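Engineer: Keeping their order, the protein sequence lines are chains A and B.
Using the numbering used here, read the first sequence as starting at 1 and increasing by one per residue.
Using the numbering used here, read the second sequence as starting at 1 and increasing by one per residue.
Dropping the structure in here first, questions after.
2 protein chains.
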Amino acid sequence: MNMDTKTDSKINGIDTAALEKLVGAVSADPREGEVKFEVTTSWKGGTRSETRVEAYELAGQRYPRSFTMSNDEPEQLCGGNSAPNPQEMLMGAFNACILVGYVAGCAMKGIRLEKVEVRTEGQLDLRGFFGLDENVKPGYDQLSYRVNIKGDGTPEAFAEVHEMVKATSPNRWNLAQPVRLEGQLVVE
Amino acid sequence: MNMDTKTDSKINGIDTAALEKLVGAVSADPREGEVKFEVTTSWKGGTRSETRVEAYELAGQRYPRSFTMSNDEPEQLCGGNSAPNPQEMLMGAFNACILVGYVAGCAMKGIRLEKVEVRTEGQLDLRGFFGLDENVKPGYDQLSYRVNIKGDGTPEAFAEVHEMVKATSPNRWNLAQPVRLEGQLVVE
């Protein structure tokens, strides 16, 4: 599966000329790299919800878009098992983010990829979610992931990209480092 | 939109008797609350990926399930704009997780809900992802969220649930606290 579309600047399906132009613009003026994301999630009964994406902003400009994502819990956790659960979706968001890092990083090095696959797993202790023991964290202690990659790069070049992704992936950072969460409750 | 199905133990579509039974089992034997999640994400060309859920484990038992989630980047970020991007999916995973907390927490208090909506937003500075300035973090500095809730609870009862969710939501914890990430690269 080679995604090269035979145009001059596309490698791995990434337009490297466009990417270089974007990097240059952000380097020249950091405001060009200000991105704002927003999502709205609505209750659909039981443990089921639907998340809508309606727009995002880049460099102060708003770009409409329209996507939905569904979540539910498995039956054993009192749900309807109609969709991935939020913990699985969090892992998917991590995987998808680092995957973009590998694909773009390889493209910028001229490495043509045949395969990237990321597998992630983690364990939770439900005593945390149920509030049964305040010494038990509700979240993951650790997430383990394995990246399988195949392409025309050297092992050293792939290792460089691997380190670069560790340092620069937004969602890896969001999980590995604390993010400040400002929550507000509005009772209607 | 009242999700009460008129059976004795269902409130907000949550079977509170089943939930109490699960909490009791985990309280009696923490192994009953050991949950393992796993997802696999495959590259689909450019910035596009697909994440598959095939099973999860509860108390050592494996439960097959089958879901897929897609991600892509907007066109301005060198993607095909075919699906939510990983940062939006991360927010959705956060929202869906705390939403389950509000719905289950209210059910356990006997509060019948009409509406729960969670809106989350956050800003990224692309200098982090592009590796242009090591002092700029690649991820979110802060996520701001607003929960709109409507039901027959008192403002005090809703505030109690709000605090409980802050303390016990797995994905809130996963973002607010550091998670250890163990990554392995396999060059095929």
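Every residue gets a Cβ at the ideal spot worked out from N, C-alpha and C, and that includes glycine.
Predicted model only: the values in this text are computed from it and were never measured.
Is it true that the region 146 to 160 of chain B meets the region 101 to 111 of chain A, where meeting means three or more beta-carbon pairs spaced less than 8 Å apart?
Structural biologist: Output reads no: the region 101 to 111 of chain A does not touch the region 146 to 160 of chain B.
Engineer: Arg-180/B to Leu-99/A, Cα distance in whole Å?
Structural biologist: Cα to Cα, Arg-180/B sits roughly 19 Å from Leu-99/A.
Engineer: Starting from Thr-168/B, follow the alpha helix (DSSP H) in both directions and report where the run begins and ends.
Structural biologist: 155 to 168 is the span of the alpha helix (DSSP H), which, as asked, contains Thr-168/B.
Engineer: In whole angstroms, what is the alpha-carbon distance linking Thr-5/B and Val-23/A?
Structural biologist: Below a pLDDT of 50, predicted positions are generally treated as unreliable, and Thr-5/B, at 46, falls in that range; the measurement from the model is reported next regardless. Between Thr-5/B and Val-23/A, the C-alpha separation is close to 54 Å.
Engineer: Excluding the 5 residues flanking Val-186/B on each side, which residues of the same chain have their C-beta closer than 8 Å to its C-beta?
Structural biologist: Taken in chain order, the list of residues that qualify is empty.
Engineer: Hey, Cys-78/B and Ile-11/A are a contact pair by Cβ (cut 8 Å); roughly how many whole angstroms apart?
Structural biologist: Their Cβ separation, rounded to whole angstroms, is 11 Å, which puts Cys-78/B and Ile-11/A out of contact at 8 Å.
Engineer: Identify every run of the alpha helix (DSSP H) within the region 4 to 44 of chain A, keeping only runs that are complete inside it and at least 4 residues long; order them along the chain.
Structural biologist: 16 to 28, all fully within the region 4 to 44 of chain A.
Engineer: Does DSSP put Phe-67/A in a helix, in a strand, or in coil?
Structural biologist: Residue state, collapsed to three classes: strand.
Engineer: Taking C-beta to C-beta, are Met-69/B and Met-69/A nearer than 9 Å?
Structural biologist: Yes, the Cβ-Cβ distance between Met-69/B and Met-69/A is below 9 Å.
Engineer: Going by the CB atoms, is the gap between Gly-92/B and Met-89/A shorter than 9 Å?
Structural biologist: Against a cut-off of 9 Å, the Cβ pair of Gly-92/B and Met-89/A comes out as a contact.
Engineer: If you reduce the DSSP assignment to three classes, tell me which class Val-179/A lands in.
Structural biologist: Note: Val-179/A maps to coil in three-state DSSP.
Engineer: Does DSSP put Glu-88/B in a helix, a strand or coil?
Structural biologist: Glu-88/B: helix per DSSP, three-state reduction.
Engineer: Just to confirm my understanding: we take Ala-157/B, look at its own chain, exclude 5 residues before and 5 after, and list those with CB closer than 7 Å. What are they?
Structural biologist: Counting only Cβ-Cβ distances below 7 Å, and skipping sequence neighbours, we find Lys-109 and Ile-111.
Engineer: Buried or exposed for Ala-55/A, please, with buried defined as at least 16 other CB atoms from any protein chain shown within 10 angstroms of its CB.
Structural biologist: It counts as exposed.
Engineer: Just grab the DSSP bridge partners of Asn-171/B for me.
Structural biologist: In DSSP, Asn-171/B forms no bridge with anything.
Engineer: Can you give, in chain order, each stretch of the alpha helix (DSSP H) that sits fully within the region 74 to 160 of chain A and has at least 4 residues?
Structural biologist: The qualifying runs are 86 to 108 and 126 to 129.
Engineer: Could you check which residue in Asp-29/A, Asn-81/A and Thr-41/A has the C-alpha nearest to that of Asp-125/B?
Structural biologist: If we check each option's Cα against that of Asp-125/B, Asp-29/A comes out closest.
Engineer: Give, in chain order, every residue of the region 50 to 74 of chain B whose Cβ lies closer than 7 Å to some Cβ of chain A.
Structural biologist: So the close ones are Thr-51, Val-53, Tyr-56, Leu-58, Tyr-63, Arg-65, Phe-67, Met-69, Asn-71, Glu-73 and Pro-74.
Engineer: Let's test the definition: count the other Cβ atoms within 10 Å of the Cβ of Gln-184/A and tell me whether it reaches 16, buried, or not, exposed.
Structural biologist: Its Cβ having fewer than 16 others within 10 Å, Gln-184/A is exposed.
Engineer: Confirm, please, whether the CB-CB distance from Val-26/B to Leu-132/A is below 9 Å.
Structural biologist: Closer than 9 Å, so yes.
Engineer: I need the straight-line Cα distance from Ala-159/A to Thr-51/B, nearest angstrom please.
Structural biologist: Distance between the alpha carbons of Ala-159/A and Thr-51/B is about 24 Å.
Engineer: Applying a beta-carbon distance threshold of less than 9 Å, which residues of chain B neighbour Glu-38/A?
Structural biologist: Here the neighbours are Glu-88, Met-91, Arg-119, Thr-120, Glu-121 and Gly-122.
Engineer: Can you give me the Cβ contacts of Glu-73/B inside the same chain, cut-off strictly under 6 Å, excluding the 5 residues immediately before and after it?
Structural biologist: Same-chain partners within the cutoff: Thr-47, Gly-79 and Asn-85.
Engineer: Hey, does Lys-225/A have any beta-carbon neighbour from chain B nearer than 9 Å?
Structural biologist: Residue 225/A is absent from the structure shown; chain A starts at 1 and stops at 188.
Engineer: Locate the beta strand (DSSP E) running through Thr-51/B, then write down its first and last residues.
Structural biologist: First-last of the beta strand (DSSP E) with Thr-51/B: 49 to 58.
Engineer: Look at the Cβ atom of Ser-144/B, then the Cβ atom of Cys-97/B, and state whether they are nearer than 9 Å.
Structural biologist: No, Cβ-Cβ distance for Ser-144/B and Cys-97/B is not below 9 Å.
Engineer: Since Thr-120/A and Glu-38/B should fall inside the 8 Å C-beta cutoff, what is the C-beta to C-beta distance between them, to a whole number of angstroms?
Structural biologist: Correct: roughly 7 Å between the Cβ atoms.
Engineer: In whole angstroms, give me the CA-to-CA distance for Gly-128/B and Glu-134/B.
Structural biologist: Going by the C-alpha atoms only, they are around 7 Å apart.
Engineer: Does the distance from the CB of Gln-142/B to the CB of Lys-137/A come in under 9 Å?
Structural biologist: Not in contact: Gln-142/B and Lys-137/A (Cβ atoms no closer than 9 Å).
Engineer: Shorter than 9 Å from the beta carbon of Gly-33/B to some beta carbon of chain A?
Structural biologist: True, the Cβ-Cβ gap to chain A drops below 9 Å.
Engineer: Between Asp-152/B and chain C, is there a C-beta pair that is closer than 9 Å?
Structural biologist: No chain C is present in this structure, whose protein chains are A and B.
Engineer: Quick check: the Cα distance between Arg-62/B and Lys-21/A, rounded to an integer number of angstroms?
Structural biologist: For Arg-62/B and Lys-21/A, the distance between alpha carbons rounds to 48 Å.
Engineer: In chain order, what residues of the same chain have a beta carbon less than 8 Å from the beta carbon of Pro-64/B, not counting five sequence neighbours either side?
Structural biologist: Excluding positions up to five away in sequence, the list reads Glu-54 and Ala-55.
Engineer: From Ala-107/B to Lys-115/B, what does the alpha carbon distance come to, in whole angstroms?
Structural biologist: Cα to Cα, the separation comes out at about 13 Å.
Engineer: Going by C-alpha distance, which of Trp-173/A, Glu-188/A, Asn-95/A and Phe-130/A is nearest Gly-101/B?
Structural biologist: It is Phe-130/A.
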